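In full-length UniProt numbering, the protein residues as written are 1 to 168. Glycine is no exception: its CB is placed at the ideal position from the N, C-alpha and C atoms. Computed from a prediction, not measured in an experiment: that's the story for all the values here.
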Ligand SMILES: CNc1ncnc2c1ncn2[C@@H]1O[C@H](COP(=O)(O)OP(=O)(O)OP(=O)(O)O)[C@@H](O)[C@H]1O
């Protein structure tokens, strides 16, 4: 992995950009509450986020999103809707392309696993201070059922630049 010299989004050739890892994030939103996790390991360990992870060989983004919620919280998300994409470039050279989904229901009882602790929040009380910096830019759009594509440049945990397009 080669570090890149970019300090703003315009330093990156987005036309030819391809992430090292495709991944997913899923937000179960039910009766004004949202199910988040305290992530115990992997990229973003210690932060609060939606459940998610990287695609496995041969899997669609939807299959990955469902599997990651099942693995991390032992529940099955229902009524999955795709809402958007987040293209993350880190200055250390790593890149990840995240597909974001919302689910309006679930089967089972969420429980702690090796990977995550389940946490419910009111949608007006989302703990953005404990989340990745980009989440406060696009999670409100997902909550309003909008579709979006965003590009983000990070130096470790610090967001250097971003832009979001709303899709109609
Ligand atoms: C930079 N800003 C960011 N903002 C919000 N969310 C971000 C993110 N950068 C990565 N993410 C999410 O972090 C998870 C990483 O995946 P991660 O858990 O490490 O993958 P996976 O479960 O495949 O790993 P292991 O099974 O532990 O190998 C995955 O949900 C991905 O969507």
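Worksheet item: Are at least three pairs of beta-carbons, each pair with one atom in the region 36 to 55 and one in the region 129 to 147, less than 8 Å apart?
Response: yes
Worksheet item: Roughly how many angstroms lie between the CA atoms of residue 159 and residue 87, to the nearest whole one?
Response: 12 Å
Item to complete: Inspect the CB distances between the region 60 to 70 and the region 17 to 37 and report whether three or more fall short of 8 Å.
Response: yes
Worksheet item: Can residue 51 be considered in contact with ligand 1, in the sense that its beta carbon sits closer than 8 Å to one or more heavy atoms?
Response: yes
Practice prompt. Using beta-carbon positions only, say whether residue 4 and residue 93 come within less than 9 Å of one another.
Written response: yes
Worksheet entry | Alpha-carbon to alpha-carbon, residue 48 and residue 123 | 14 Å
Worksheet entry | Segments assigned beta strand (DSSP E), at least 3 residues, entirely inside the UniProt domain "Nudix hydrolase" (19 to 167) | 21 to 30, 33 to 39, 52 to 54, 76 to 90, 95 to 107, 116 to 122, 147 to 155 and 158 to 167
Worksheet entry | residue 96 Cβ short of 8 Å to ligand 1 heavy atom set | yes
Practice prompt. May I have the straight-line CA-CA distance separating residue 31 from residue 149, to the nearest angstrom?
Written response: 26 Å
Discussion item. Taking the alpha carbon of residue 140 as the reference point, which residue from 125, 70 and 76 has its own alpha carbon closest?
Written reply: 125
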